[in-house]
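Data block below; observations after.
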Amino acid sequence: MKQVFEVLLIEDSKTINNILSKRLEELGLKVTQAFTLKEAEDKLNQKNYDFLILDLHLPDGEGIDLLGSIQTITETKIIVLTSTADDESLRQELFNRGILDYIIKDQNFLYSVEEVIKIFEHFLSRKKKDILIIDDSKFVVRQVKRILETRNYNVDGAYTGKDGLELLEKKEYELIILDIELPDLHGLEILKKIREKPYLIYLPIIVLSGSNTPGLVRKILKSGANDYIKKPFVAEEFILKVDFWIDYFEQQMQLKRKTVELQRLNEKLEQIVKVEVAKNVEQEKMLLAQSRLAAMGELIAIIAHQWRQPLNVISTIANNVKIWLELKEYDIEKIKENCEHILRQINYLDTTIEDFRNFFKPQKNIVKTDFGKIVQKAVEILEHLLYVKDIELDIEKKSIKELKTYENDLLQAVINIIKNAVDAIENKRVRKIKILIDGCKLEIADNGGGVPSKIIKKIFEPYFSTKGEKGTGLGLYLSKLIVEEKCKGKLELRNEKDGAVFTINLCKN
Ligand SMILES: Nc1ncnc2c1ncn2[C@@H]1O[C@H](COP(=O)(O)OP(=O)(O)OP(=O)(O)O)[C@@H](O)[C@H]1O
Ligand SMILES: [Mg+2]
């Protein structure tokens, strides 16, 4: 269980007494209040207190009269409060007797209250620190022990340099107090030996010496001491310096620990970053490979789509020729003509591969052309299909305008649109496709009844088809890609009375 410290607060000012006692209770201390010397004496007779806060001037006597008995009987730690700057010798005597502090009540008494609180905070928060004093004077060692042990320090004494160095090997200290004149070793030599050890490099050392000639002080500080105090010393100054160096050392050690922690963390982070970067590179490679594969897959799908029609034509013609030969019902001219037809389709197959291989390379394949030429080529390729399906094709040339564009790619788009029209009118009694060339505009209209409004938004999406097994749904997607992405034009659809009208508009580029 955590120890609860008991405080006797002897202060005749009710205001200060009440405020201070409230603040101390907030720190977890148990406070008993006394307002007169008599009251204080009574309380002290009843039990022991861990701390005494003592106002030196009380209405019925001097607070100092209490001290004689308390210190010898109990282990009470004392903080003195006084309203005037009392004489220096009293102050020194009190420190020598081991008071924790001597606080002058300021005009601003809230500040004084906080000073007291600070002492307690310091006292309560800190674990016992170990201090080594190396001094051959038993009197000095005892005096230092008394002053520091009441302040929650643990003090070990060594009377020779050799003993001191031995203790340093065995135990970790937070501070060394070193006398310069020792019987066996000179203090400067001890300093040197301490600083030679890497683990003692930062340990603070305060040197005590009877002499303060400037040369010696300089030597002491240059040999690795952190501070210097002349004997006989003023207890209050001594305490201030000890507190200062102990705090300093603690901060240094904390800083070192934090630096090491940070370094470790940094190394760890570096490692993590390295691993993650490596992972990312791996992932990027995979993604790239995947997207290449996907692109290749798409390219193959597109080429296959555009090949279907000519392959069908070739296979139909080849079959026809075979039958004629079997039936011996052929004339050379007809076969020649069909061979020409096959060669044209093969030529188209060949250019299709080339064109799509270059599809994503800008500028390649740009040529001077016009919609007249493009439509003519499309009709040559579809001639057989139109003939077989018995479709009437009506081409109207309103005006012809030269275009600098991707002719072969546009040809693919036009073929797709005409093919869709063929599919749409296949089962109609009258089958009619009308093509209108108007400069940089091309219209392809059929009498298939149009695109149902509920799918109109979807027809340009990849793989959208209403044709089941027969369709891949790539035709219009590819056509839109060619017209709008590649040729920077517009491909639009509207439904008219008879059927769908697709328009390719290249006028804006
Ligand atoms: N002229 C048209 N009249 C009516 N519907 C059409 C017309 N053109 C396209 N469509 C509709 O748009 C859909 C998508 O056309 P798209 O050319 O992209 O694919 P598909 O023709 O179905 O398949 P594939 O192009 O592989 O033959 C068609 O399935 C059809 O429903
Ligand atoms: Mg299609």
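All you need for the numbering used here is the position in the sequence shown, starting with 1, plus 56.
Positions of the beta carbon are idealized from the N, C-alpha and C atoms, including for glycine.
Closer than 7 Å by C-beta to residue i: which residues in its own chain qualify, once you throw out the five before and the five after it? Chain order, please.
i: I120; result: L112
i: N644; result: Since the first residue of the chain shown is 57 and the last is 565, residue 644 is not available in this structure.
i: D494; result: K454 and S455
i: I129; result: The pLDDT assigned to I129 is 48, lower than 50, so where the model puts this residue is not dependable; a value taken from the coordinates is nonetheless given after this. Nothing listed; no residue qualifies.
i: V263; result: L234, I236, G243, I276, A281 and Y284
i: L156; result: K133, I134, I135, I175, T206 and R207
i: I430; result: E463, L466, L467 and V470
i: A477; result: I489, I500, D502 and G504
i: K445; result: V478, E482 and R487
i: T315; result: none
i: S535; result: A469, N472, I473 and L547
Only counting the same chain, and skipping five residues up and downstream in sequence, which positions put a Cβ closer than 6 Å to that of residue i?
i: Y386; result: W380
i: M57; result: Summary for M57: the model assigns pLDDT 49, below 50, so the residue's position carries little reliability; its value from the coordinates is reported in the next sentence. Nothing meets the Cβ criterion.
i: I72; result: F165
i: Y105; result: E62, L64 and T132
i: L93; result: L114, D116 and G117
i: F176; result: L83
i: V60; result: K86
i: H440; result: V369
Which first and last residues belong to the alpha helix (DSSP H) in which residue i is found?
i: E54; result: Residue 54 is absent from the model: the chain starts at 57 and stops at 565.
i: S279; result: Where S279 is concerned, there is no enclosing alpha helix (DSSP H), given that its DSSP letter is neither H nor E.
i: T71; result: K70 to E82
i: N464; result: E463 to I481
i: L608; result: For the chain, the structure presents residues 57 to 565; residue 608 sits outside this window and is missing.
i: S145; result: E144 to N152
i: L231; result: That residue, L231, is in no alpha helix (DSSP H); its beta strand (DSSP E) goes L231 to D235.
i: D219; result: G217 to K226
i: I511; result: Neither: I511 is in no alpha helix (DSSP H) and is coded neither H nor E.
i: K249; result: G243 to E252
Between which two residues does the beta strand (DSSP E) holding residue i run?
i: I491; result: K488 to G495
i: Y404; result: Per DSSP, Y404 belongs to no beta strand (DSSP E); it is in the alpha helix (DSSP H), I388 to R413.
i: V507; result: Element bounds for V507: n/a, residue is neither H nor E.
i: E439; result: From DSSP, E439 is part of no beta strand (DSSP E) but of the alpha helix (DSSP H) over F427 to V444.
i: V63; result: E62 to I66
i: N551; result: K546 to N551
i: G213; result: Y209 to A214
i: E452; result: E448 to I456
i: Q199; result: Unbroken run through Q199 is the alpha helix (DSSP H), K194 to E205; no beta strand (DSSP E).
i: Q102; result: Counting along the chain, Q102 falls outside any beta strand (DSSP E), though it belongs to the alpha helix (DSSP H) covering L93 to Q102.
i: D157; result: D157 to I160
i: S265; result: I261 to S265
i: I285; result: D283 to K286
i: I257; result: Segment: none, I257 is in no beta strand (DSSP E) and carries neither H nor E.
i: D186; result: K185 to I190
i: T88; result: K86 to A90
Among residues of its own chain, excluding the 5 on either side of residue i, which ones have a beta-carbon nearer than 8 Å to its beta-carbon?
i: I370; result: I398, Q401 and I402
i: N210; result: K184, K185, D186 and I187
i: I391; result: V377 and W380
i: E552; result: A501 and G506
i: K248; result: S279 and G280
i: I511; result: F520 and T522
i: K201; result: I189, V211 and G213
i: W301; result: L231, P260, I262, N282 and D283
i: Y533; result: F516, E517, P518, Y519 and F520
Tell me whether residue i is buried or exposed, calling it buried when 16 or more other Cβ atoms sit within 10 Å of its Cβ.
i: L230; result: Sequence check: residue 230 is Glu here, not Leu. By the 10 Å Cβ count, E230 comes out buried.
i: S265; result: buried
i: F361; result: Sequence check: residue 361 is His here, not Phe. By the 10 Å Cβ count, H361 comes out buried.
i: G154; result: buried
i: R313; result: exposed
i: I358; result: buried
i: A90; result: buried
i: L349; result: exposed
i: Q199; result: buried
i: D98; result: exposed
i: N472; result: buried
i: R274; result: exposed
i: E67; result: buried
i: I413; result: Checking the sequence shown, residue 413 turns out to be Arg, not Ile. R413 should be labelled exposed.
Exercise. If you measure from each residue's Cβ to the nearest non-hydrogen atom of ligand 2, which ones come out under 7 Å, in chain order?
Worked result: N472, K475, N476, D479, G527, G531 and L532
Exercise. Between the region 358-375 and the region 333-342, do at least 3 Cβ pairs fall closer than 8 Å?
Worked result: no
Exercise. Quick check: the region 443-462 against the region 422-435, are there 3 or more CB pairs under 8 Å?
Worked result: yes
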